[in-house]
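Shown next, in structure tokens, is the structure this report addresses.
Numbering (UniProt numbering), first residue to last: 1 to 447.
Dropping the structure here:
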């Protein structure tokens, strides 16, 4: 008799970390009963391969897709089917905040903004505004805002409530009261919400500590107060901004600060009146290549040389007009030098007496000396019809005997010299075109 034994001893199992973790995977076959027939294959332990999904540790799903809460439908709309809901929206049946929750309910049924717009006529922007505004209105009710304040937004209030959506619940309530009290429109409401949101970030700005963050009017007033400082002092824009700040301010401390700034602005205006003559500006323009060809209208003016003093200015033609269907230029008398300029605003009014004086460089101008003054020739456009020297007002073309030519001088200087009449008032200065220069005007060219 042949005795069969297991291929693997039960007392000496193979050591494996995998088998230690999964002992059920090791299955041993019992010995077969004795038989006269020889075995073709030895009997051994069979290792059943594990399922890969069983080996992978179960991962906990940490993030769930965001599902915004659906707005509860008013009781009178809950029993309506989809066609009935669309009909309510299409006909605006009820107040806006009552049928606004129908919009997200249609979204849940598979509709999108374009399809709702096609069926109801309410644009996607209006849909979003109404849904958000209805949520803002609900937050006002939950924060115990006065019923009469909330009721003020029942008709046409969606656009206003939408603008205060980014404010906190307490800020919304205060803003809603301020909007109702001051009868703000959408633009005013938008400015108010922006001012309230921006106020904390302006800590450290001039005057910030004088305004109260809890008062919507102070926040809006500070915004106007801060914007006024962005304008030239004094100026009409600055004064207008300060007056707006004074109209909406609430606290006495903030009101005092705005009034102090307004008084300072008034003092600066008086000072400006005393110094007007010293700050008159004359445009300095660089011509561009091809600018004359592209101009819709032009001005033809006689040109005089600065070295010839007043002789050529007195002899130059006073009038040059275009005649006929072809606009033929006709002068009252012949002249050797002419220049064609675009009809810029300063030269538009030159009908009679306009003249151009050619200078070799810009040192004849009474302004600060820049490098280009000595490198470029210039043309000075003057109006011979305005010869009288007005006190501290403008620049004038005069003949300077001791310098042997013409010069541009301030009216205040001529007044001190006792000069009452000039050769003409200067209206602009023209610089020659250059290929590498793209800009016409430069800030440093203004006095």
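All C-beta atoms, glycine included, are put in the ideal place defined by N, C-alpha and C.
- Around residue 130, the same chain offers 96, 100, 103 and 158 as residues with beta carbons nearer than 7 angstroms, after the five sequence neighbours per side are excluded.
- The segment 113-124 and the segment 144-161 do not touch, with fewer than 3 CB-CB distances between them shorter than 8 angstroms.
- Excluding residues up to 5 positions away in sequence, 342 and 343 lie with their Cβ nearer than 8 angstroms to the Cβ of residue 295 in the same chain.
- Shown here for residue 161: same chain residues with a beta carbon closer than 7 angstroms to its own, the five before and five after excluded, namely 133, 136, 137 and 153 in chain order.
- For residue 331, no alpha helix (DSSP H) segment is defined; the enclosing uninterrupted segment is the beta strand (DSSP E) at 328-331.
- Out of 186, 233, 195 and 165, the CA that lies nearest to the CA of residue 224 is found in 195.
- Sequence-distant partners of residue 291 (beyond 5 residues in either direction) whose C-beta falls short of 8 angstroms from its own C-beta, in its chain, are 342 and 433.
- Taking the CA atoms as reference points, residue 257 sits about 42 angstroms from residue 346.
- In this structure, residue 395 sits near residue 425, with a CB-CB distance shorter than 9 angstroms.
- Taking a 10 Å sphere around the C-beta of residue 212, we find 16 or more other C-beta atoms and assign the residue as buried.
- Taking 4 residues as the minimum length, the alpha helix (DSSP H) runs contained wholly in the UniProt domain "Rubisco accumulation factor 1 C-terminal" (282-434) are 291-294, 310-315, 345-348 and 411-417, in order along the chain.
- When 209, 171, 202 and 207 are compared, the shortest CA-CA separation from residue 192 is found for 171.
- Collapsing the DSSP output to three states places residue 155 in coil.
- Rounded to the nearest whole angstrom, the C-alpha separation of residue 231 and residue 261 is 13 angstroms.
- Non-local C-beta neighbours of residue 312 in its own chain, meaning closer than 7 angstroms and more than five positions away in sequence, comprise 304 and 305, ordered along the chain.
- In this structure, residue 226 places its C-beta atom within 9 angstroms of the C-beta atom of residue 207.
- Sorting 400, 288 and 411 by C-alpha distance to the C-alpha of residue 389 places 411 at the top.
- With respect to the 9 angstroms criterion, residue 382 and residue 414 are not classified as neighbours on the basis of their beta carbons.
- For residue 93, the three-state secondary structure derived from DSSP is coil.
- Membership of residue 217 in the alpha helix (DSSP H) is indicated by the continuous run 216-228.
- Around the beta-carbon of residue 140, 16 or more other beta-carbon atoms lie within 10 Å, marking it buried.
- Our two residues, residue 88 and residue 76, have alpha carbons roughly 11 angstroms apart in a direct line.
- If you draw a 10 Å sphere on the C-beta of residue 326, you find fewer than 16 other C-beta atoms in it, and that means exposed.
- In the same chain as residue 329, and ignoring 5 residues on each side of it, the C-beta atoms closer than 7 angstroms to its own belong to 300, 320 and 322, in chain order.
- Taking the CA atoms as reference points, residue 114 sits about 28 angstroms from residue 189.
- Taking 9 angstroms as the cut-off, the Cβ atoms of residue 337 and residue 366 do not count as close.
- A distance below 7 angstroms between beta-carbons, with the five flanking residues on each side excluded, links residue 144 to no residue of its chain.
- Non-local beta-carbon contacts of residue 202 in its own chain, meaning distances under 8 angstroms to residues more than five positions away in sequence, involve 208, 222 and 226 in chain order.
- For the pair residue 174 and residue 215, the CB atoms are nearer than the 9 angstroms cut-off.
- Between residue 218 and residue 251, the gap from beta carbon to beta carbon is short of 9 angstroms.
- A residue is called buried when at least 16 other Cβ atoms come within 10 angstroms of its Cβ; residue 156 does not meet this threshold and is exposed.
- Residue state for residue 128 is assigned as helix, using DSSP reduced to three classes.
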